[in-house]
Structure formats: structure tokens, C-alpha cells
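**Student:** Before we start, here is the structure in question, set down as C-alpha cells.
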Amino acid sequence: MKEGLSSIDIGILAREFDQELKSGRIERIYQISERELKIRVYVRNKGSLDLIITPRYVCITKYERKAPRVASSFAMQLRKYLNGAFIKSVSQHKFDRIIEFELEKKDTRFFLVAELFSRGNVILCDSNRRIIGLLEWQKWSDRKLGVSNEYKYPPEVLNPLEIEFDKFKRILKNSERSIVATLARDLGLGGIFAEEICINSGVDKSIPSIDISEEDASKIFNSIMEMAKKIRGGEIEPMLVFDKDKNPVDVIPFDMKIYEKFYKKGFETLNDAVDEYFSAMEISKSRKKGEELYENEIKRLKRILAIQEDTLKELNEKYRKYKNSGDLIYQNIDAIDAILNKIGKKYKGDNLNDLRREFIGKRIGNIDIKEINRDGTIIINIGE
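Below, the structure written as C-alpha cells:
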């Protein structure tokens, strides 16, 4: 199952966003979860559009995302600088998983950078790319993301869609991995695109890169260039891929042989497919989480109810016991008073044994005297 967007996906989305959002005006910005932003953009003749930015994906969504009642400090900061700003352009930074929004407000230029890798981040920069604010301060071995620092991109990654054949061959020959692993990791194509290129070129994906022939290297290179040509030419046929149980497993920019036997659903734009895949998944997870919370709360309340029922049962039993005792005392109050008076008149403090011999075992009315204690308490048994 696809967990995040590839560099190829982001490049295509950036081009779609540039067409869809250019000249749009930012109306409102929300931080709808710890690491998720919603940016409402008004676009002429299109109305308000909601742009979602998360560590795993970015899309213009048709799904409603509830905004918190109280805005976060980062959302307030973004509103301060960007409310009313116009989007001048949207682009991908080289072949990295970074999408960048160039904005303008009253002749002042800003850059909003969304990094869609690792923990993800959103960084607001001024026209000189000095960081004004960011979702999270981060420190890497080669750069530090913090307020007032100059924003620096991560070390440049190889763009396999623009690579020359000689450099491509050197990468293969210097790799100790299989050809498919080399394409996926060393060239940054990712697993699915690497598999597809091997299938399209007819080269066994398990061949060690170092052992590949000139002919096979050429086939693979040509397959990559054909894909690059398709992407640059806008030959996009976005679709969702479903498993045999009709669960979505991937979103792809065009049909792929690797998914030849899978059920697929086409979309007009990659954004629509990404939105359907990730947003629907998020909403489904949120709904399941809500259902789990509801079920857990029901279980908790049932446990409390069971405890309360047991407590009530115990209290009812005590009530019946003490009520019976109270009724007996009330019915025999005269005899009890008589016993207390008799013993009380004769008790002098040092004649307890005499009193015990005289009264213990005697019955007065319905009352048997069982014990007379040194502290003056008398134990009785009320019979019928």
C-alpha cells in the first residue's frame, strides 16, 4: 500500500497546482492537526479551494476537514503574513520531494516550502529565503531549520529523468545491488517505477547491476527516457489501483504493466486521484478511530455500570439487614429500655461479674441478654 508521494508524483502535482492555483488569493490558513495544514485559496471562476499539506502528501481536496476552534500559533503566524497573498507560482525543487509556493502580498514576496519526506515540514521564508516561521525546528547533519536561519535545501538528489547514458552506466557498474534496487534507491525512482521500468525493458530485475550488459543497460535507459518523455509531455492518465478485495493500494500517474491484473479507476487529474486515495483513507481511519473510541467508551461505561449495580445490590442487602434490625429495635424498645434501666441502676463500676451472673442468659420480653462488657455496652439477641 502506498504510504506517501514519490518525486515523480510531486513533480506532476506541482505542475497541476501551478495551473489550478496560480493567481489565487489565500483566504485562510488552518492547522487542522499536529502536522497537517489546510490553506483555503480563492481562485477566480473556481471559488474557494482547500489545499491540504501533510508529511506524506499534498492535494487540493474535495473532502471537508474540520478546523479547530482555536488557531495554533503557527497558523496565526501564517495568517499574519499570507492572508490576502496571491500565489505567483508552484514548483517542485529539482527532483526532491519538496513543493514550493511563491507568494506575493503588497509587493512583498514570500516562499512557502512543503517538505514531504521524513517527519515533513512547512517553512515560511521571506524574499531572501530567510526563515520567518516553520511547523517544526529541525536539525540535520548538513542543515538547520530554525527561525532567522537561511533556508537551505537538502543535498541535491539525482534526477533520473534527466540523466545521461554514461553517468547512468557508471551508477549501475558501481552498485552492489540488483538492477531493480539500484533503480529504486541509487536513481531515486522508488520501488514501483523501478519494477515497471524493468518490465518495460524486458530485463530481469534480479540481475546484479555490476553484471548488466551494455545492451540491457541501454534497454533500461531507453525505458526511463520514454517515461520521462511521457511525463514532460503531459501524457498523464491518473488512476487508483485496487486489490482483489477492492481496497485501494496505489495511486499512479499512468497505467502500468505491474498492475496489469489489478482493478483500476481513472481520474481526470493526478490531484483528484491523490485526494481520493489519501483523503478518503484519512477519513476512513478517522471514522474507524472514532468508532473505536465510541466502542471503548461504551465498554468503559458498561464496566462502571456493572460496578454500580454490584454496589447497589450490596447496599440493598445492607439496607434490608439494617431495616430489619431497626424494626426489631423499634418493636422492642420498651423491653430494651427496661434492661438498660435495671442494669444501669445496679452497675457501680466494680460489680461487673455480679451483674453478668445476674443478667446474662436471662430473657426479658423477647430479648435474651448475651453479654455485658466493661465499657458498658450490652449485647442482646432479639427473638420472636
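According to the working numbering, the sequence shown is numbered sequentially starting from 82.
Idealized CB from N, CA, C, for every residue including glycine.
Starting from V355, follow the beta strand (DSSP E) in both directions and report where the run begins and ends.
**Tutor:** That residue, V355, is in no beta strand (DSSP E); its alpha helix (DSSP H) goes 351-355.
**Student:** Could you spell out the range, first to last residue, of the alpha helix (DSSP H) harbouring I91?
**Tutor:** Per DSSP, I91 belongs to the alpha helix (DSSP H) from 88-102.
**Student:** Touch check for the stretch 111-129 and the stretch 336-346: three-plus C-beta pairs under 8 Å?
**Tutor:** Counting Cβ pairs under 8 Å, fewer than three are found: no touch.
**Student:** Out of D324, I420, G283, which has the shortest C-alpha to C-alpha gap to M82?
**Tutor:** Checked all of D324, I420, G283; the closest Cα to M82 is D324.
**Student:** Anyone know if the C-beta pair for E185 and K169 falls short of 8 Å?
**Tutor:** Their beta carbons are under 8 Å apart, which means E185 touches K169 by this criterion.
**Student:** In chain order, which beta strand (DSSP E) runs of at least 3 residues are fully inside the stretch 199-251?
**Tutor:** Runs found: 202-206, 212-215.
**Student:** Using DSSP's beta-bridge definition, name the partner residues of V171.
**Tutor:** Paired residue(s): F182.
**Student:** With a threshold of 8 Å on Cβ separation, who are the neighbours of G457 within its own chain once the five nearest residues in sequence on each side are excluded?
**Tutor:** Y428, listed in sequence order.
**Student:** For the 8 Å Cβ check, are there 3 or more pairs between the stretch 133-143 and the stretch 200-215?
**Tutor:** The stretch 133-143, when compared against the stretch 200-215, does touch it at the 8 Å Cβ threshold.
**Student:** What is the rounded straight-line gap between the Cα of D247 and the Cα of A298?
**Tutor:** Distance between the alpha carbons of D247 and A298 is about 10 Å.
**Student:** I'd like to confirm the pairing. Which residues does DSSP put opposite T142 in its beta bridges?
**Tutor:** D131, per the DSSP bridge assignment.
**Student:** To the nearest angstrom, report how far apart I317 and T350 are at their CA atoms.
**Tutor:** The straight-line gap from Cα to Cα measures roughly 8 Å.
**Student:** What does a CB cutoff of less than 8 Å around L409 pick up in its chain, not counting 5 residues either side in sequence?
**Tutor:** Correct list, in chain order: I463.
**Student:** Tell me which same chain residues have a C-beta within less than 7 Å of the C-beta of N447, skipping the five on either side of it?
**Tutor:** Here the set comprises N413, A416, I463, G464, E465.
**Student:** When the Cα of P319 is compared with those of G283, I305, D356, which residue comes out closest?
**Tutor:** It is D356.
**Student:** Looking at C-beta atoms only, is the number of pairs between the stretch 287-303 and the stretch 254-264 that lie closer than 8 Å three or more?
**Tutor:** The stretch 287-303, when compared against the stretch 254-264, does touch it at the 8 Å Cβ threshold.
**Student:** In or out: A275 buried (at least 16 other Cβ within 10 Å) or exposed?
**Tutor:** Buried: at least 16 other Cβ atoms inside 10 Å.
**Student:** Quick check on the DSSP output: what are the complete beta strand (DSSP E) runs of length 3 or more inside the stretch 269-324, in order along the chain?
**Tutor:** Counting whole runs of 3 or more residues, the stretch 269-324 contains the beta strand (DSSP E) stretches 320-323.
**Student:** What do you get for V228, buried or exposed, if any count of 16 or more other CB atoms within 10 angstroms of its CB means buried?
**Tutor:** Exposed.
**Student:** Is V261 helix, strand or coil when you go by DSSP?
**Tutor:** V261 falls in the helix class under three-state DSSP.
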